[in-house]
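**Q** Residue numbers (the numbering used here): 4 to 192.
Idealized CB from N, CA, C, for every residue including glycine.
The model shown is predicted, which means the values in this text are computed figures rather than measured ones.
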């Protein structure tokens, strides 16, 4: 779930904003009387809704087709997925403030996704990584989300057992959205 969500949210967000800049429609949005944070939140909301629908689709297919039971609270999983989406969309927005073309946006997105895949515990357990990479995995939001998904879906744990992961995802999401908003503002000046 996490990897698909991060890829979809980051890639679509980054390419959409860069595409608008290439077409010149971003200037029309800039002259409107809204703050940069409002513009950014307005841009990411549709992608967040699509990503949540994809999350539901993955969970339904996993449960009905592959027979994977969800042992924990489904609403809790969806709520924490929203926090993870916030950080993934924030990465996409940050990439869009750096990239000048859609090709650059795709490349930068994949350059952020590859470390996420290898450092999150998705392929290799974090405990099996060298100490330096274990420390670096602490700045990868996907590593926290994978703990949440495994905890809720496989173990059936509740929010008290996932408090540190939820706090980390909330902090990453807020920081990335604010950072993207500040970079976007600087680009407008």
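Would residue 183 and residue 45 be called neighbours here (beta carbons separated by less than 7 angstroms)?
**A** The answer is no: Cβ separation not under 7 angstroms.
**Q** In angstroms, rounded to a whole number, what distance separates the CA positions of residue 156 and residue 35?
**A** Residue 156 and residue 35: Cα-Cα distance of roughly 44 angstroms.
**Q** Assuming residue 159 and residue 75 are in contact, meaning their beta carbons sit under 8 angstroms apart, how far apart are those beta carbons, in whole angstroms?
**A** Right, their Cβ atoms sit about 4 angstroms apart.
**Q** Would you decide whether residue 26 is buried or exposed? Buried here means 16 or more other CB atoms lie within 10 Å of its CB.
**A** Classification for residue 26: exposed.
**Q** Less than 7 angstroms between the beta carbons of residue 119 and residue 143, yes or no?
**A** Yes, the Cβ-Cβ distance between residue 119 and residue 143 is below 7 angstroms.
**Q** Between residue 95 and residue 17, how many whole angstroms is the CB-CB distance? I'm expecting something under 8 angstroms.
**A** Sure, about 4 angstroms apart at Cβ, within 8 angstroms.
**Q** What residue does the alpha helix (DSSP H) around residue 161 start on, and which one ends it?
**A** It is not in any alpha helix (DSSP H) - residue 161 carries neither H nor E in the DSSP assignment.
**Q** Which ranges would you report for the beta strand (DSSP E) in the stretch 82 to 128 if only whole runs of at least 3 residues count?
**A** For the stretch 82 to 128, not a single whole beta strand (DSSP E) run of length 3 or above is found.
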